[in-house]
Amino acid sequence: MEEVKAKMSRYYLAWAKDDAIRKKGANGGFVTATLVSALEADFIDVALVVKKKSVYEGIPVLTNDPEEIKESSGSLHCVPLNLTKYVVEYAAKKRIGLPTKPCDARGIIEQAKRRQASLENVYMIGLNCGATLHPLRMREIAAYYGLDPDSVVREEIKEGKIFLVSDEEGKEKEKWMKIDELEEKGYGRRDACKSCVTKIPTMADLACGNWGSNDEKKTFVDVLTDKGETLFKNAVDSGYVAIEEAPGKGIETRQRIDAGMQKRAASWKEKMDALKALSRSERFEFYVDALKNCIHCGACKEVCPVCACEEDAKCTGLYDERDSYAISMYNLVRIFHLMDSCIHCGQCEDVCPVDIPLTLIQRRFSERMQRHLGYTPGMDVTKKPPLYETELRWSAEAE
Amino acid sequence: MKTNSSICHGCSIGCGLYLVESEEGEKRKVLHRTTSPMNEGKLCRFGTDLHTYYERETMINSVDGKEVKQDEAIKAAKESLKGMKPEELAFIALPGTITNEEIVSFLSLAAEFGCENVSFGFERFFGVVPEEAAYIIEKGLPFSEVDGASKIILFFLDPFVHYPLLARRILKAKKNGAKVIEVSFAKNERGIADETVLVVPTEVERIKEKKELFEDSLIIGELTPYTNPQLLSFMLWLNASTASRLFLLKPFLNSTGAFLLGKDSGRKDLFEILEGVEKGEIKALYLLETDLAGAMLGGEGVAETTSKLDLLIEQNAFRTHFDTAGITICSEPFFMKKGTVVNVEGRVLEIGGESEKGLQIMESIGKGRKYEEVHEEAKKRLGLGDSEINEFEIAVKREERKFEVAEPKIEKEEGGGAGEEYFLWYKTNPFFWNGIRAKNFVEISPVAMKELGLFRGDEVEIAQGEQKERIGFKISDLPQNLVLSEAKLAIKPLQGLLTRVETRRAE
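Chains as they are written, first to last, in the numbering used here: chain A, 8 to 406; chain B, 4 to 510.
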C-alpha cells in the first residue's frame, strides 16, 4: 500500500484502483478517482465535469453524485468548452472541483483577480492539452478516414495522431492519421489551439496527462500547489488512487513533448498570421473589413472567460447603433479592454455568427501589449493585471 | 444545473443551442451548441438572448377573465367551440413555436369542428404560386447549396439583419469564389455584395431589364405574411425564366412543417380571416401560440378587431398583447416541448423537451390521441418513413421543377399625396425578434437630414395619414428619399414592400 511521503515529491505516476474507473477514464482514471475521493472526503461540495453525450458532444454538469462523475470520465477532445463562467456562477456558494484545460484554469485565475471567484473554493485538476477540435470538424475527419461519422464511438489524440474508432454492426474499426498531415489538408484542431503555447496547466493545482507516462493506464501527475497536494494525498490515503514516483526519464519526456508542442504552436502562429506581411494601412483595412461584419450580438463578450463585466459594460455602454464608425465602439473597446487579459482561447471566434477571425485580431493587439508589460494573464493569481482599472480598490483590499 | 438541448425559434433556420437552468430551475442562460449542423454553435442576437424570451410572464388558465384550473378552461373551450357554426370559426397558428405534432393536432381539431378557416400565415400566396412551383414556397435548400453557389443574388434581403446565420454562409460562398449581387433599394452597409443593382422605389419593374443577371444564380429572398404577392410572382418569374434556383427564408421556425402538413386542409388567408372578424362573419377564433397583436404591424388595430369576436381562445405559454380572450389555456414554453420541427433546409429537428402539454390540450378538446400516434402521423405526412430522426440529414428534400409564370406587373405604390416624398422600407419583417431589443431609430440619408433640418439628438416624425410615429434616426448611405426601419412602427406598408410617408423633424 503506497503512502504519500511526508515531504512530497512533485511528479508521480498515478491511476485509479477501481477497475471500472481505470478502464473508462483516460490514462488510468486518476482525475475521476481524485474528484470522487475529494467529494467523499468533503473537500468539495460538487464536481464540475463535462458529461459525454457522444464522441462529438458534451455538456457541463455540476454534480455531487460520484456515479455521474464516473460517467463523465474519458477523453473528450471535441468539446471546446471553457468552464470559467460556471465557476464564477457557482464558486461563491459551493466548493468546486473540476478538470481544467490550461485555458479554463487561466480564465478562472483572471476572474479570481477580478474578485469574481474565490480560488479557495476551487480545486483545479489541470489536464495537459494538445488541443480541442470543433466537433463538426471531427465529423469531417471521420468522413475523411472513410468512417461513418455517426458510427464513431471513441477518439484519442496521442503521439501526434488523431485516432478514431468506429463500431459498425458490432465490428470495431480503428483509423488514425498524423495531426500535421490532417492540418496540411485543412482538417484538424481549432486555430486557437494550434497556436496555443500553454500546453501544461502549471497554474492549476495539479497537472495531469499522458506525457511522460510509460503506461497508457497511468497518469503523469505534477503536484503544483498546497491544495493540489491535499487533493492528491486524499486520493491516495482514501484508497482511490495508486501511485509511484515518476521516473526521471518520464519527466524529461514530458518536458521534451511540451517544448516540441510549444515550438509547433509558435510555427503555426507565424503561419496563420495573415497580417504579418501587410503594410500598416493594409492591416487597418483588414481590421475594418473583418469587423464590419459584426452584428453586435454580444456572444463574444458573453463567452469570454476573462471578461468580468456584466451587462453594463464599457463595450456595450459606449456602443451606439446609430454611430457609423469604421470599427464600432463595441469592438474597439473590447480590443483595448482585453489587451492585458486575453488568453487567446478562441471562445469568441467559436461563437461569432459571422466568423470574424477574433482570435487573430485579439492576439495581434494583446500579445504585443502583454509582451510590453511583461505580463501573461491567467498564470499566477498573485500577479496583478498591469492595467487593472480599480487600482485603489486593489491596493486597499489586497495589499 | 440542468443543460437542455434545444432549438432557437427565432427564424426558419432553427439553430441548435443549450438552455442551462440554474440549480433552482429558474435562471436560464444560453450555451452555444457546437455540434449543431445548422449553426455550428453560432447564434445571432436573438439566439444569444433567447433565455430572456423565456422570462416573460406565463399565461394563465382562465374563463371570462377568471383564473380556473386547466381542465375547466379546456372544457369551456370545447363547449364553446361546439356551440359555433363551422363557417363562424377560424384557427390561426403562426408556426414559430409549434411542433409538427401540434400542427397535426391543430388541423384535426379544426376539422373536428368543420372549420376550413385555418391559417398559418402564408395562405395569401396560394393563389399566386402555380401548383408545379409550390415546392419553392414550401421547402428551402440546405445551406451547403449556399456554400457551393457560384453566383448569389440577394433579392431585397440584408442577411446580416434578416438571417445572420445565412450571412456567414454567403461569406463562405464568397471565399469559395462566388459572386454576390444584391438587388435592393439601398446598398448593403457591410458591402457583402460584389455588385449592387439599386432599384428606384417607383421603378421596381425595371429589374426585368436586368434579367440576364439572374442566369445561373441562387436567388435568395424572403417570404413573410407581409411579402407583397406581386414581389413573390416577380421572384418566381425571374426563377422560371432563367437557369436559377430560388431560396426563400421565412421568419417562422416551422414554416416548412406547416406548409407540408397543412397541404390538404381547408385554409384561409390570415388577412381575410381578420377581415371576416371585422365584418362579423367570423365570430370565434382559436389562436395557437400566436400573439397576433404583439407580432403584427398595427397591433392595436388587430386587438381592436379581435375584440369584436364572440369567442377568443388563446393557447399560449406566455401572456399576449390581447386582454379580450374569453378563454386562455396555458401551454408549455417551446424548449420544454416534446416534438419535431422542419427547418428551412429540410432537416427534421427534435426540440429536446419532454412535455406534451400543448398537444394534449388540443387532443383533450379533439380526438384524444396520444403523442406517439400524432408523431407517427406527422412523420408519415412529411414522408419520413421509418428512419430515425437525425439532424445531420436533409430529410425533407426538394426537387427542382420547370414551371411557367406569366410576366408579372408590380403596381406602383398608392399614395403620393402632398408632402409624401419619402418611402418607408422595413428592413426586416415585424415577426422577427418580437419584443427583444427593439430598435429606436430609423435610417435616413445625409441629404434627407439636411433637407429636414435635423441635428444629432433630434427625432423624426414619420406619418401616413392618421398614423404618426416619432423616433430617432441614424445617417446611412441611402438614396435621398428612402427611410429604412428595423423598428416596428405603427405604419403599415400599403403593398408589403414599401410605402409613401411624410417625414419631418419632430417638434
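Note that the Cβ used here is the ideal one computed from N, Cα and C, for glycine as well.
Computed from a prediction, not measured in an experiment: that's the story for all the values here.
The segment 80–121 of chain B is shown to contain whole beta strand (DSSP E) runs of 3 or more residues at 92–95, in chain order. The Cβ neighbour count for residue 174 (chain B), taken over all protein chains shown within 10 Å, is at least 16; the residue is labelled buried. Going by C-alpha positions, residue 180 (chain A) is about 40 angstroms away from residue 51 (chain A).
Within the same chain, and ignoring the five residues on either side of residue 444 (chain B) in sequence, the residues whose Cβ sits closer than 8 angstroms to its Cβ are 474, 475, 476, 477, 490. Looking at the backbone, the Cα of residue 432 (chain B) and that of residue 14 (chain B) are separated by about 11 angstroms. Contact check for residue 197 (chain B) against residue 153 (chain B) fails: the beta carbons are separated by 8 angstroms or more. When B:297, B:155, B:449 are compared, the shortest CA-CA separation from residue 481 (chain B) is found for B:449.
Not a single C-beta of chain B is nearer than 8 angstroms to the C-beta of residue 108 (chain A). By the criterion of a C-beta distance shorter than 6 angstroms, residue 241 (chain B) is surrounded in its chain by 217, once the five residues flanking it on both sides are discounted. Not one beta carbon of chain B lies nearer than 8 angstroms to the beta carbon of residue 128 (chain A).
Residue 154 (chain A): not part of any beta strand (DSSP E); DSSP gives it neither H nor E. For residue 316 (chain A), the closest Cβ of chain B is not nearer than 8 angstroms. For residue 193 (chain B), the nearest beta carbon of chain A is closer than 8 angstroms to its own beta carbon. Annotation for residue 82 (chain A): 33, 162, 163, 164 place their beta carbon closer than 8 angstroms to its own, counting only its chain and skipping 5 residues before and after.
Relative to residue 155 (chain A), the option among B:395, B:148, B:33 whose CA is nearest is B:395. Legend: CB atoms of the segment 472–484 of chain B lying less than 8 angstroms from CB atoms of chain A belong to residues 475, 476, 477, 478, 479. Of A:392, A:206, A:322, A:258, the smallest CA-CA separation from residue 20 (chain A) is found for A:258.
Shown here, residue 262 (chain A) sits in a helix according to DSSP, grouped into three states.
For residue 341 (chain A), there are no C-beta contacts with chain B under 8 angstroms, since the nearest C-beta of that chain is about 15 angstroms from it.
Taking a Cβ-Cβ threshold of 9 angstroms, none of the residues of chain A is close to residue 462 (chain B); the smallest such distance is about 12 angstroms. A distance below 6 angstroms between beta-carbons, with the five flanking residues on each side excluded, links residue 204 (chain A) to the following residues of its chain, in chain order: 269, 272. Counting only Cβ-Cβ distances below 7 angstroms, residue 41 (chain B) has no contacts in chain A at all, with the closest Cβ about 11 angstroms away. If you draw a straight line from the Cα of residue 123 (chain A) to the Cα of residue 315 (chain A), it is about 7 angstroms long. Taking 8 angstroms as the threshold, the shortest C-beta distance from residue 12 (chain B) to chain A does not fall below it. Beta-bridge pairing by DSSP links residue 470 (chain B) to B:467. In the DSSP assignment, residue 106 (chain A) is bridged to A:132.
The segment 239–277 of chain B is shown to contain whole alpha helix (DSSP H) runs of 4 or more residues at 258–264, in chain order.
Here DSSP, grouped into helix, strand and coil, assigns residue 476 (chain B) to strand.
Not a single CB atom of chain A sits nearer than 8 angstroms to the CB of residue 165 (chain B).
When only Cα atoms are considered, residue 171 (chain A) and residue 349 (chain A) end up about 33 angstroms apart.
In this chain, residue 55 (chain B) is not harboured by any beta strand (DSSP E); it is covered by the alpha helix (DSSP H) spanning 53–56. Beta-bridge annotation (DSSP): residue 61 (chain B) is paired with B:321.
Exposed is the label assigned to residue 286 (chain A), since fewer than 16 other Cβ atoms lie within 10 Å of its Cβ.
Note on residue 198 (chain A): 16 or more other CB atoms within 10 angstroms of its CB, so buried under the neighbour-count rule.
The DSSP-derived three-state label of residue 81 (chain A) is coil. Close partners of residue 132 (chain A) in chain B (Cβ separation under 8 angstroms) are lacking, with about 19 angstroms as the shortest Cβ gap.
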